[in-house]
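Asker:
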Amino acid sequence: MNIPFFTDYLMLSNSLSIGIIAVFVLALIGIYVLQRKGTSFGNLVIIGTIVGAILGVAIQVIAGFPDDPSKVVYIKESTKWFSLVGGGFIDLIRMLVIPIVFISIVHVILHMEAGANLKKLVVAMVSTNLGMVAVAAIVGLILGNAFGLGQGFDIVESGKKIREIKPMVDTFRALIPSNPIQAAAETNVIGIVVFAIILGSVARLLKQTGTNSMEIFTKLFDELHQLISWVADFIIGLMPYGVVALLASTLATRGLQAILDMGLFVVLLYVGLLIMFVVQAILIASFGYNPITYFKKAKAPLLLAFTSRSSMGVLPLTVETLTKRLGVNATTANTVASFGTTAGMQGCAGVFPALVVVYISNVAGIPFDLTMYIMSVIVIAIGSVGIAGVPGTATMAASVSLSGTGLGAYFTSISPILAIDPLIDMGRTCLNVSGSLTNALVVDKIMGTIDKNAYNNPTQGEE
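Here UniProt numbering is used: the first residue of the sequence shown is 1, the next is one more, and so on.
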């Protein structure tokens, strides 16, 4: 049906498109039936992930594993319809980010016990986040150099240009919001966190002086917090449907050739991510947590991170998992998790840019000595501050790292890596979110506010 109404508007010009979408709808109906029968939320997410993977691979098989799936009409059309569910779910999640961060932080500060130490919380949070990014960078650098990543590749040209890199001082200044409304509009989470902490702290001080008007203010935020929590619960409940669409679309739209050309990079990245998961497990075990319990309880946000490729999009579920399932204090959960969406991202701003630096160094024929190792770790750790937690912004981390290590002129040579970005971004984002979760556990243990009974209770927070 080569008619604009079907090809450009409805995007249903092919019988295979209609068939694939019909199967997709049946899959969603199946999940709804299981949900009505009382299947647990965690199991529904796992089922959705499996169904999405099968559907995505099946589409590739039907198409004969094309090098450029975007040119196959029924793949282009069916994945466009998938985006209605998958993209719509992510948009709903993102809609919550700013209000839930702002309201939750003000709310928890207003209800903090007298003598609570915000300074200690911030110091523990920043040092833990940046320390773990440095470890992630070291893992990436060692893996890349051990396997000669980038050797044998030529410098290539690309339409991609290196992003503008700001001086470190400007980066830190940008974390202070000159206009909180603008910060909200730009989804500047750190800016909102700073504003919320200041507002909540001042309101708490006024409340302690016995100012009557603060009772109204506190009551307002109590009601807002309850309301936004209910909205978050409803939207997060749609996650099993969203992951089907997100994973099916990602697998269907990436050609195998793009993966094969950068096979070593993909393998090393995922090996690095697995190593970091082990490091995280060792870290929390050293603070008295059972890692097996952690991974069992964290499976929902980790699966959503893997399929959505958005650390920020997973934030509401991350906070909910920390407070309801892992026994983390609400103040720690909201502050550390919010900070983790823009700074200290171990996947996007740790392992990934480290591998990129090694790759470009080898492509350009530049020796990677001890000085380069040290400089790379420092640049990557500091550069992790201010990287926004949305799909694709790992490119910014790569830009910062390449510029900071003197390799910025070779930025165009990362175009083969950008071609497979969605696939590697899935694993990177999963590690980012796991980093936020484990960092929050560590910080809460340092603060002495963790509820270990809730953490060790296998049914804690289950619906």
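No residue lacks a Cβ here, since even glycine has one placed at the ideal position from N, Cα and C. From a predicted model like this one, the values you see are computed outputs, not experimental measurements.
Which term fits Ile181, buried or exposed, when burial requires 16 or more other beta carbons within 10 angstroms of its beta carbon?
Answerer: Here residue 181 refers to the residue found at position 181 when the sequence shown is read from its first residue. With fewer than 16 Cβ atoms within 10 Å of its Cβ, Ile181 is classed as exposed.
Asker: Under a Cβ-count criterion, where at least 16 other Cβ atoms within 10 Å of its own Cβ denotes burial, should Phe234 be classed as buried or exposed?
Answerer: Translated into the one-based positions of the sequence shown, residue 234 becomes position 234. So Phe234 counts as exposed.
Asker: Using a Cβ distance threshold of 8 Å, determine whether the region 325–336 contacts the region 415–433, with at least three qualifying pairs required.
Answerer: Too few Cβ pairs lie closer than 8 Å, so no.
Asker: Please work out which residues of its chain come closer than 7 Å, Cβ to Cβ, to Ala440, disregarding the five sequence neighbours upstream and downstream, and give them in chain order.
Answerer: Along the sequence shown, one-based indexing puts residue 440 at 440. Here the set comprises Leu322, Val328, Thr332, Ala333, Val336, Ala337.
Asker: To which residues of the same chain is Ser78 closer than 6 Å at the C-beta, ignoring the five residues directly before and after it?
Answerer: Mapped onto the sequence shown, residue 78 falls at position 78. Correct list, in chain order: Ser17, Ile20, Ile21.
Asker: Cβ of Ser434 within 8 Å of Cβ of Leu302?
Answerer: Counting from one through the sequence shown, the residue named residue 434 turns up at place 434. Counting from one through the sequence shown, the residue named residue 302 turns up at place 302. Result yes, Cβ atoms of Ser434 and Leu302 sit closer than 8 Å.
Asker: Would you say Glu320 and Ala232 are within 8 Å of each other, going by their C-beta atoms?
Answerer: Within the sequence shown, the letter at position 320 stands for residue 320. Within the sequence shown, the letter at position 232 stands for residue 232. Contact: yes.
Asker: Using 8 Å as the threshold, is the region 289–297 in touch with the region 400–414, meaning 3 or more CB pairs across them?
Answerer: With the cut-off at 8 Å, the region 289–297 and the region 400–414 do not touch.
Asker: Check whether the Cβ atoms of Gly42 and Val243 sit closer than 8 Å, and answer yes or no.
Answerer: Reading the sequence shown from its first residue, position 42 is the one you call residue 42. Reading the sequence shown from its first residue, position 243 is the one you call residue 243. Going by C-beta atoms, Gly42 is not nearer than 8 Å to Val243.
Asker: Identify, in the order they occur along the chain, each residue of the same chain with its Cβ nearer than 7 Å to the Cβ of Ala134, setting aside the five sequence neighbours on each side.
Answerer: Along the sequence shown, read from residue 1 onward, the residue named residue 134 stands at position 134. Cβ within range, chain order: Val377, Ala381.
Asker: Does the distance from the C-beta atom of Met262 to that of Ile417 stay below 8 Å?
Answerer: Reading the sequence shown from its first residue, position 262 is the one you call residue 262. Reading the sequence shown from its first residue, position 417 is the one you call residue 417. Yes, the Cβ-Cβ distance between Met262 and Ile417 is below 8 Å.
Asker: Grouping DSSP H, G and I as helix and E and B as strand, with all else coil, what is Gly347?
Answerer: Taking the sequence shown and counting its residues from 1, one reaches residue 347 at position 347. In the structure shown, Gly347 sits in a helix (DSSP, three-state: H, G or I).
Asker: Output needed for Gln151: all residues of its chain with C-beta closer than 6 Å, excluding positions within five of it in sequence on either side, in chain order.
Answerer: If you number the sequence shown from 1, residue 151 lands on position 151. Once the five neighbours on either side are set aside, the close Cβ partners of Gln151 are Asn362.
Asker: For Asp444, which residues of its own chain have a beta-carbon under 7 Å away from its beta-carbon, when the five flanking residues on both sides are left out?
Answerer: Residue mapping note: residue 444 aligns to position 444 of the sequence shown, counting from 1. Taken in chain order, the residues that qualify are Val328, Asn329, Thr332, Ile450.
Asker: Do Tyr455 and Leu246 have their CB atoms nearer than 8 Å?
Answerer: Within the sequence shown, residue 455 is the residue found at index 455, counting from 1. Within the sequence shown, residue 246 is the residue found at index 246, counting from 1. Against a cut-off of 8 Å, the Cβ pair of Leu246 and Tyr455 comes out as no contact.
Asker: Alpha carbon to alpha carbon, how far is Leu402 from Leu370? Give it in angstroms, no decimals.
Answerer: Along the sequence shown, one-based indexing puts residue 370 at 370. Along the sequence shown, one-based indexing puts residue 402 at 402. In a straight line, the C-alpha of Leu370 is about 17 Å away from that of Leu402.
Asker: When you compare the CB positions of Ile103 and Tyr241, do they come within less than 8 Å of one another, or not?
Answerer: Taking the first residue of the sequence shown as 1, we reach residue 103 at position 103. Taking the first residue of the sequence shown as 1, we reach residue 241 at position 241. For Ile103 and Tyr241, no; Cβs fall outside 8 Å.
Asker: With a CB to CB cut of under 7 Å and the five nearest residues on each side skipped, what residues in its chain are close to Glu164?
Answerer: Here residue 164 refers to the residue found at position 164 when the sequence shown is read from its first residue. Low confidence applies to Glu164: its pLDDT is 48, below 50, so where it sits in the model is not reliable enough to give any reading.
Asker: Out of curiosity, what's the CA-to-CA distance linking Gly448 and Val442?
Answerer: For the purposes of this step, residue 448 is taken as the residue at position 448 of the sequence shown. For the purposes of this step, residue 442 is taken as the residue at position 442 of the sequence shown. Computed Cα separation, rounded: 10 Å.
Asker: Quick check: the region 78–90 against the region 272–288, are there 3 or more CB pairs under 8 Å?
Answerer: Too few Cβ pairs lie closer than 8 Å, so no.
Asker: With a Cβ-Cβ cutoff of 8 Å, do Ala124 and Gln346 count as a contact?
Answerer: Start at 1 with the first residue of the sequence shown, and residue 124 comes out as number 124. Start at 1 with the first residue of the sequence shown, and residue 346 comes out as number 346. Not in contact: Ala124 and Gln346 (Cβ atoms no closer than 8 Å).
Asker: To the nearest angstrom, how far is it from the Cα of Met11 to the Cα of Ile420?
Answerer: As a position in the sequence shown, residue 11 is number 11, starting the count at 1. As a position in the sequence shown, residue 420 is number 420, starting the count at 1. Those two C-alpha atoms are separated by around 26 Å.
Asker: For Ile105 and Val193, which I take to be in contact (beta-carbon distance under 8 Å), what is that distance rounded to the nearest angstrom?
Answerer: Here residue 105 is taken as the residue at index 105 of the sequence shown, counted from 1. Here residue 193 is taken as the residue at index 193 of the sequence shown, counted from 1. Contact holds; Cβ gap of about 6 Å.
Asker: What are the start and end residues of the alpha helix (DSSP H) that includes Ile275?
Answerer: Counted from its first residue, the sequence shown places residue 275 at position 275. Per DSSP, Ile275 belongs to the alpha helix (DSSP H) from 263–286.
Asker: Apply the 10 Å Cβ neighbour rule to Thr405 and answer buried if 16 or more other Cβ atoms are within range, or exposed otherwise.
Answerer: Here residue 405 refers to the residue found at position 405 of the sequence shown. Buried: at least 16 other Cβ atoms inside 10 Å.
Asker: Under 8 Å, do Cys348 and Ala397 count as touching if we go by C-beta distance?
Answerer: Position 348 of the sequence shown, counting from 1, holds the residue named residue 348. Position 397 of the sequence shown, counting from 1, holds the residue named residue 397. Contact flag set, yes.
Asker: For Ser436 versus Ile90, is the C-beta distance shorter than 8 Å?
Answerer: Along the sequence shown, read from residue 1 onward, the residue named residue 436 stands at position 436. Along the sequence shown, read from residue 1 onward, the residue named residue 90 stands at position 90. Cβ distance not < 8 Å, so Ser436 and Ile90 don't count as in contact.
Asker: Here's a check: name, in chain order, each residue in its chain whose Cβ is nearer than 6 Å to the Cβ of Lys207, leaving out the five neighbours to either side.
Answerer: Against the sequence shown, residue 207 aligns to sequence position 207. Correct list, in chain order: Met214.
Asker: What's the C-alpha gap between Ile100 and Leu118?
Answerer: To locate residue 100, count along the sequence shown from 1; it is residue 100. To locate residue 118, count along the sequence shown from 1; it is residue 118. So the two alpha carbons sit approximately 20 Å from each other.
Asker: Where does the unbroken alpha helix (DSSP H) through Tyr32 begin, and where does it stop?
Answerer: Position 32 of the sequence shown, counted from the start, is the residue given in the question as residue 32. Here the alpha helix (DSSP H) through Tyr32 covers 15–36.
Asker: Give me the Cβ distance between Val57 and Leu251, rounded to the nearest whole Å; I'm assuming they're in contact under 8 Å.
Answerer: For the purposes of this step, residue 57 is taken as the residue at position 57 of the sequence shown. For the purposes of this step, residue 251 is taken as the residue at position 251 of the sequence shown. Correct: roughly 6 Å between the Cβ atoms.
Asker: Use the C-beta contact count for Lys161: other C-beta atoms within 10 angstroms, 16 or more gives buried, fewer gives exposed.
Answerer: By one-based count along the sequence shown, residue 161 stands at place 161. Here the model assigns Lys161 a pLDDT of 45, short of 50, so the residue's position is not dependable, and the following value carries that caveat. Per the 10 Å Cβ criterion, exposed.
Asker: Taking just the CA atoms, how far does Gly344 sit from Pro367?
Answerer: Numbered from 1 along the sequence shown, position 367 holds the residue referred to as residue 367. Numbered from 1 along the sequence shown, position 344 holds the residue referred to as residue 344. Looking at the two C-alpha atoms, the distance is approximately 28 Å.
Asker: Could you pull the start and end residues of the alpha helix (DSSP H) that Ala298 belongs to?
Answerer: If you number the sequence shown from 1, residue 298 lands on position 298. Element bounds for Ala298: n/a, residue is neither H nor E.
Asker: Run through DSSP, which three-state label would Ser361 get?
Answerer: As a working note, residue 361 is residue 361 in the sequence shown. Helix.
Asker: How is residue 501 classed by DSSP in three states: helix, strand or coil?
Answerer: Shown here, the chain extends from 1 to 463; a query on residue 501 therefore has no answer.
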